[in-house]
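Residue numbers (the numbering used here), protein chains in the order written: chain A, 1 to 99; chain B, 100 to 1068.
Structure follows, in structure tokens:
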């Protein structure tokens, strides 16, 4: 994550909420995951922790904008590298089981 | 022999009124301001400018445009200076590179005769057997290989990067580029026009010198560039590459400018391509455009008598231009038909210049300079002509577009059989080609093409896609030969001048099976030298296409990656931008003559100085904490406040241990792991109220922990606020048996064990300043962490130092703290753990509360429990043992079985102690650890249990052995 420091802005993320900003202002947070399975099988666990879909297409991803201190979920077309829309946090939120 | 003509050329770049002097190989030469190193040497009759990389063949000017790297020079401090484009300076002391004993008598020139023992790919084939000789060959090759020598004492210069913004970036200030820039500016766009030459004009400045219309047009364009406020012209500047969203770094003489444009016109022109014939690299054989540049920019004639190899109209125009300036044209070998019937050819023929159809060069004579040439029919294998005496060969047999930026933007090229040249076939709507690069050769075609490019670009920038409707203005005659290659039984017909690759090398590579263009490139290294294939790739593709019996497009192209030209590392490095954060107590530490160290982005106190050595000072600090009292600044800790109804829920999900059952007014150690169960961070969590927590994070991970908590709030849909107070609050830890007695006098709450038990958290005031007290002891003594606003930190520090003076208080630094915590067996995340360490590896199963149905990393930890392959163990060494260092290896039966993660001489215990991550098999056996230290020496370490010091933790509870809260079970 810290590697992002000092790396030149190359892409612009056109965020529908805060407008076009250079990608160097963001930390990438990975794709939005599935809600956790409480007692997964080893296969489910491996899938959840390690497997990532690489096929081009629409992907919902977490992006952290450092200057505003905000997380965004953006829907990005990984084939064209364009951000299509901002996803509201409610859309991706999932309750976690508690004691 | 080249020479400077006495006639002043209209628009030449040199200032003949002034003279400067420079030295080359010790000899003094004269030049004019505006000369480059190459032009200045040629003006003095020096045509041997360098030696080639592999065979040390004599080389001279080829492109005069930095498309080849045959003329490289070194000064005392700098090397591989490109002679074609680097201005000569008064007093310059130049030397050739890759030469021993001078250019003329280079000791390595015999390598040319051994060429047949160095076939393509010989690095891969030779020197393997016998194996024991490999180091010998390696040393020999390393000595010989490479170009100039780097001066390691080169003074570092910092060149800040700058930013540029525009609507339209135009690359190339030739006829098309200037037209496009002016037109875009007229339409209201902010324009940046970039050209690698010192003056705009491009081919109008050297290719059209006899054409009055061209000169007039050039002047009009230059005037408009000058006058229009919306155009910024950047000369001697190179657009290095195209990155996403029109981000184009431009290397200027003052460093890099990072330009963000809305649209790009690529009018970068063409790169003239050499013909392949025997000795086509002799000094004196040059491209027609190189001769024209020399003449029109520098007033230098490349030779007195020339033979021209022609396959396009440009060749005849150049021959006429040189003839008009006094060069005797001995004849023109037309290896292609194009241009032979044109106006220039007719004028030359009527002037008595023989034009030989279907003829090409068989061989160039001469060693360090051209002395003559033999010709041959293009269809035959026998010499058709007697030897012709001449001192220069002018070649114009084809071009390649400088389309690197188009490629990088996602464009495609195809081979045009009419033009005998690659042309753009696809490009993005907002990165458009124009001019000769796009196949527009005549002045009218270039003008129309540039206007059309701007029209389509602006339409696309405004959101209309006009790409389909783009008209093209491509020429209808060939501008090159389909096969500008002539075979010779004795070879030396070079395709790549950087890497000394001949026709036979490429054919042999193809024969050996490297018959895909990418494989051919990697195996033969064609196009991999410093000029990156600018003059070599097209001919290499031609040769492979013919070998394979397929078309140019079917053969493909290699990728043209950034940077277009080499860039100085100082330009890429830019300014050093690494801000350091300072503690609010920094001045206090300075007043105490502290030694500082970098800790992440912070400067922290390593130790305070004393009369003795640093290690003695550190040991004294350790002893002070153990015996009486110490004070450490821990302001760098991350400090995060979590407030809201779901505060406990957030922390339950984020930490491995239970947080929901923490009582208000108490703290608990907290560990954070990632999804795969690997330790990310640790800290102390204090519950201030039912819905309010205050937590610390390690100095280096504070921002990431804060970010992670913020994300969990959204991810889990929680009603809670996370506030990062790291920069707003400072903290210090008062540690030692005397800490309570000293602090008691300053605070307004009782500190006795019942009122403020171990691991408690309280709000109080010191000197009327609100402070938060946490009774936590990382160092294993009775200790209080005091958190307060940064503005009040100095006052509190002073108050504690004063109150503690009678108890012998001593400030201590990070080094002492590291030893103190090691004596307690506490880990430091990132030092004792790495990217694979789970709490089980770290020997902290007590920190993982798997009974919770969920926390981040729980599924992975539930799976990993009991399967750890490595374990952190503690060890001790005898007092007189040599001290291992961190990352020294644990060896078991000759194999690596682990590594030391922490080690220090314990002042308290009087002998070295440490932690090591070892294989679990070894961890279970309780055997001695064999540590290999510096110099290969082995030391045996005894296994220990942690904590090394005060194993029952009695000292933290100061006479109250039973602490109910927190037994970590």
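We put the beta carbon where it would ideally sit given N, CA and C, even for glycine. Fair warning: this is a prediction, and the values are worked out from it, not measured in the lab.
Three-state secondary structure (DSSP) at residue i?
i: residue 1023(B); result: helix
i: residue 945(B); result: helix
i: residue 434(B); result: coil
i: residue 954(B); result: coil
i: residue 568(B); result: helix
i: residue 1064(B); result: Low confidence applies to residue 1064(B): its pLDDT is 39, below 50, so where it sits in the model is not reliable, and the reading given next is rough at best. Coil, per DSSP.
i: residue 119(B); result: strand
i: residue 2(A); result: Reliability fails at residue 2(A), whose pLDDT of 27 lies under 50, so the model's placement of it is uncertain and no value is given.
i: residue 8(A); result: Any answer about residue 8(A) is weak, because its pLDDT of 41 lies below 50 and its placement is not dependable; what the coordinates show is given next. DSSP places residue 8(A) in coil when its eight states are reduced to three.
i: residue 104(B); result: coil
i: residue 990(B); result: strand
i: residue 1058(B); result: Residue confidence for residue 1058(B) is low, a pLDDT of 45 falling below 50, so the modelled location carries little weight and cannot support an answer.
i: residue 87(A); result: strand
i: residue 962(B); result: helix
Taking residue i as the query, report the chain B residues whose CB atoms sit under 7 Å from its CB, ordered along the chain.
i: residue 71(A); result: 809, 810, 813
i: residue 29(A); result: 810
Counting only Cβ pairs nearer than 8 Å, list the residues of chain A close to residue i.
i: residue 816(B); result: 89, 90, 93, 94, 95
Closer than 8 Å by beta-carbon distance: list the chain B residues that pair up with residue i, in chain order.
i: residue 62(A); result: 810
i: residue 81(A); result: 343
Compare the beta carbon distance of residue i and residue j with 7 Å and say whether it is the shorter of the two.
i: residue 356(B); j: residue 683(B); result: no
i: residue 775(B); j: residue 946(B); result: no
i: residue 812(B); j: residue 795(B); result: no
i: residue 883(B); j: residue 842(B); result: yes
i: residue 825(B); j: residue 737(B); result: yes
i: residue 528(B); j: residue 11(A); result: no
i: residue 110(B); j: residue 301(B); result: no
i: residue 501(B); j: residue 390(B); result: no
i: residue 595(B); j: residue 154(B); result: no
i: residue 956(B); j: residue 819(B); result: no
i: residue 630(B); j: residue 168(B); result: yes
i: residue 1004(B); j: residue 970(B); result: no
i: residue 579(B); j: residue 520(B); result: yes
i: residue 130(B); j: residue 149(B); result: no
i: residue 417(B); j: residue 434(B); result: no
i: residue 1009(B); j: residue 1046(B); result: no
i: residue 661(B); j: residue 339(B); result: yes
i: residue 730(B); j: residue 910(B); result: yes
i: residue 530(B); j: residue 508(B); result: yes
i: residue 394(B); j: residue 427(B); result: no
i: residue 592(B); j: residue 397(B); result: no
Starting from the Cα of residue i, find the closest Cα among the options and give me that residue.
i: residue 54(A); options: 17(A), 93(A), 77(A), 89(A); result: 77(A)
i: residue 894(B); options: 919(B), 974(B), 865(B); result: 865(B)
i: residue 734(B); options: 200(B), 829(B), 803(B); result: 829(B)
i: residue 363(B); options: 749(B), 555(B), 937(B), 228(B); result: 555(B)
i: residue 258(B); options: 619(B), 105(B), 668(B); result: 668(B)
i: residue 1037(B); options: 1008(B), 980(B), 1001(B); result: 980(B)
i: residue 449(B); options: 691(B), 461(B), 430(B); result: 430(B)
i: residue 702(B); options: 394(B), 369(B), 693(B), 1054(B); result: 693(B)
i: residue 92(A); options: 45(A), 62(A), 67(A); result: 62(A)
i: residue 379(B); options: 281(B), 400(B), 461(B), 279(B); result: 461(B)
Which bits of chain A does residue i rub up against, with CB to CB less than 9 Å?
i: residue 806(B); result: 1, 27, 29, 64, 66, 69, 71
Residues of chain B with a CB under 9 Å from the CB of residue i: which are they?
i: residue 11(A); result: 342, 343, 344, 346
i: residue 86(A); result: The premise fails here: residue 86(A) is roughly 12 Å from chain B at the closest Cβ pair, so nothing lies under 9 Å.
So that I know if they touch, is there some Cβ in chain C lying closer than 7 Å to that of residue i?
i: residue 45(A); result: No chain C appears in the structure shown, which is made up of the protein chains A and B.
Mind pulling the chain A residues with CB within less than 7 Å of residue i?
i: residue 255(B); result: Those within 7 Å of residue 255(B) in chain A number zero; the least Cβ separation is about 17 Å.
Cβ of residue i versus every heavy atom of the ligand COA: is any distance shorter than 6 Å?
i: residue 600(B); result: Ligands are entirely absent from the displayed structure, and the ligand COA is therefore not among its contents.
Exercise. Below 8 Å between beta carbons is the criterion; list the residues of the stretch 740–767 of chain B that meet it against any residue of chain A, in chain order.
Key: 748, 751, 752, 757, 759
Quiz item: Can you list, in chain order, the residues of the stretch 767–795 of chain B whose Cβ is nearer than 7 Å to any Cβ on chain A?
Solution: 774, 775
Quiz prompt | Interface positions of the stretch 934–953 of chain B facing chain A (Cβ-Cβ less than 7 Å), listed along the chain | solution = 951, 952, 953
Self-check item: Where the stretch 483–516 of chain B meets chain A: residues whose CB sits under 9 Å from a CB there
Solution: none
Quiz item: In chain order, what residues of the stretch 958–979 of chain B put their CB closer than 9 Å to some CB of chain A?
Solution: Of all residues in the stretch 958–979 of chain B, 958, 959, 961, 962 have a Cβ within less than 9 Å of some Cβ in chain A.
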